[in-house]
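Working notes for the structure below.
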Amino acid sequence: MLNFQDESTFRAFIKEHQNMVFNVVLKMVQHVNDAEEITQDVFVDVYRKPEMFRGNASITTWLYRIAMNKSIDHLRRKKKWSLFGPAKNETEPLEFFHPGVQTENREKAVFLFKAMKKLPAKQYEAWVLSEMENLSYKEISEVMNVSLSSVESLIFRARQNLRKILSGMYPENEKRKIENEK
Amino acid sequence: MKNNKEKWIDEVLQSAKTINAVESNAFLTTRIEAKLQQKPNANIPVRWVYATVVVMMIILFINISIWRNTNVTSNSNAMQQLVQEYGWTSNDLYSNSN
């Protein structure tokens, strides 16, 4: 069980894990300010409910689980809000430029994040944990609380769906280039 | 041999592996501590709100149906009673039965 005896212990805990939590949340919600808010909420939850950590998984796995759940809840709330009225962040840009992407890959990463938004929640989660966070299938199954075979199936379907979605996003100028070469 | 489109898709998918980790906000700890000072929000899950609204609508609908049926039934019963009491067996109120 987790026990934060004093403020300095909790601060050290935050310092040790904040980047990991922030980065995974950022990949999920694709918005820096929202990711910061959610990261704060993760640690507030950890502080208020340390008894939720039962010790049957590593602290990192537990943090991933809280972070992913809060990210998915956030994405679901955003979608619901937009059904009944203006979207919460009307000025939110349609394209997400992840600050950690190298310049030469920036354009492709924009397409990737756009395509990822169209995946079902579970596939999105599995894809981020596998391809972006480089967790093993065993670790992903612990985070998502599903079987190993479910993880494999989710990642396989995520990849298939992403290929389909990206196929529809193939840029016009590339098509024209090929036609001109012919 | 893969065509250009397939190659492009492969490259886009591969870009997932090239994303570097970024530093979180330097004031994160301060903001977390500020949030902890606030009272916890009684966050009611949205699903519960929708469920309550649906249940209330169903109860309201049932009440309205019962009320309408009761009104119709009691009106027709009252009418029949009145007819029986005054012996109005025919529709002709103005006939001279004497």
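Chains as they are written, first to last, in the numbering used here: chain L, 2 to 183; chain U, 2 to 99. Where is the CB? At the ideal position from N, CA and C, for every residue including glycine.
Over what stretch of residues does the alpha helix (DSSP H) that includes residue i continue unbroken?
i, result
"Arg158 (chain L)", "Leu149 to Met170"
"Gln1 (chain L)", "Shown here, chain L extends from 2 to 183; a query on residue 1 (chain L) therefore has no answer."
"Ile33 (chain U)", "Leu29 to Gln38"
"Lys28 (chain L)", "Glu8 to Val30"
"Ser25 (chain U)", "No alpha helix (DSSP H) holds Ser25 (chain U); DSSP gives it neither H nor E."
"Arg107 (chain L)", "Arg107 to Met117"
"Met145 (chain L)", "Tyr138 to Met145"
"Ala122 (chain L)", "Ala122 to Trp128"
List the residues of chain L whose Cβ lies closer than 8 Å to the Cβ of residue i, in chain order.
i, result
"Trp49 (chain U)", "By Cβ distance, chain L contributes nothing, its closest Cβ being about 13 Å from Trp49 (chain U), past 8 Å."
Which residues of chain U have a Cβ atom closer than 7 Å to the Cβ of residue i, listed in chain order?
i, result
"Arg164 (chain L)", "Ile10"
"Phe23 (chain L)", "Ser25"
"His99 (chain L)", "Ile20"
"Tyr171 (chain L)", "Lys6 and Trp9"
"Gln19 (chain L)", "Ser25 and Leu29"
"Arg12 (chain L)", "Thr30"
Using beta-carbon positions only, say whether residue i and residue j come within less than 8 Å of one another.
i, j, result
"Ser25 (chain U)", "Thr40 (chain L)", "yes"
"Met133 (chain L)", "Ile10 (chain U)", "no"
"Leu27 (chain L)", "Ala36 (chain L)", "yes"
"Leu155 (chain L)", "Ala116 (chain L)", "no"
"Val47 (chain U)", "Arg160 (chain L)", "no"
"Ser66 (chain U)", "Ala110 (chain L)", "no"
"Val13 (chain U)", "Leu130 (chain L)", "no"
"Glu153 (chain L)", "Thr62 (chain L)", "no"
"Tyr171 (chain L)", "Lys8 (chain U)", "no"
"Leu29 (chain U)", "Val45 (chain L)", "no"
"Leu120 (chain L)", "Leu76 (chain L)", "no"
"Tyr21 (chain L)", "Ser72 (chain L)", "At residue 21 (chain L) the sequence reads Met, which differs from the Tyr that was named. No, they are not a contact pair."
"Arg185 (chain L)", "Phe98 (chain L)", "In the structure as shown, chain L starts at 2 and stops at 183, and residue 185 (chain L) therefore has no counterpart that could be examined."
Answer with buried or exposed for residue i, where buried requires no fewer than 16 other C-beta atoms within 10 angstroms of its C-beta.
i, result
"Phe112 (chain L)", "buried"
"Gly86 (chain L)", "Per-residue confidence for Gly86 (chain L) stands at a pLDDT of 47, beneath the threshold of 50, marking its modelled position as unreliable; no derived number is given."
"Glu86 (chain U)", "exposed"
"Tyr65 (chain L)", "buried"
"Asn4 (chain L)", "exposed"
"Trp49 (chain U)", "exposed"
"Phe62 (chain U)", "exposed"
"Glu8 (chain L)", "exposed"
Residue i touches chain L at which residues, Cβ-Cβ below 7 Å?
i, result
"Ile33 (chain U)", "Ile15, Gln41, Phe44 and Val45"
"Leu37 (chain U)", "Val45 and Tyr48"
"Val13 (chain U)", "Lys109, Phe112, Leu113 and Leu167"
Quick test of your reading: residue i and residue j, contact by CB under 8 Å. State the CB separation rounded to the nearest angstrom.
i, j, result
"Val25 (chain L)", "Ala68 (chain L)", "5 Å"
"Val23 (chain U)", "Gly101 (chain L)", "5 Å"
"Gln31 (chain L)", "Phe157 (chain L)", "Not quite, the Cβ-Cβ distance comes to about 23 Å (not below 8 Å), so this is no contact."
"Ile33 (chain U)", "Ile15 (chain L)", "6 Å"
Please compile the residues from chain U whose C-beta is within a distance smaller than 8 Å of the C-beta of residue i.
i, result
"Gln1 (chain L)", "Since the first residue of chain L shown is 2 and the last is 183, residue 1 (chain L) is not available in this structure."
"Arg78 (chain L)", "Val47"
Under 9 Å between beta-carbons, which chain L residues line up against residue i? List them in chain order, please.
i, result
"Thr53 (chain U)", "None at all; the shortest Cβ gap to chain L is about 16 Å."
Under 9 Å between beta-carbons, which chain U residues line up against residue i? List them in chain order, please.
i, result
"Tyr125 (chain L)", "Under the 9 Å cutoff, chain U gives no residues; its nearest Cβ is about 12 Å from Tyr125 (chain L)."
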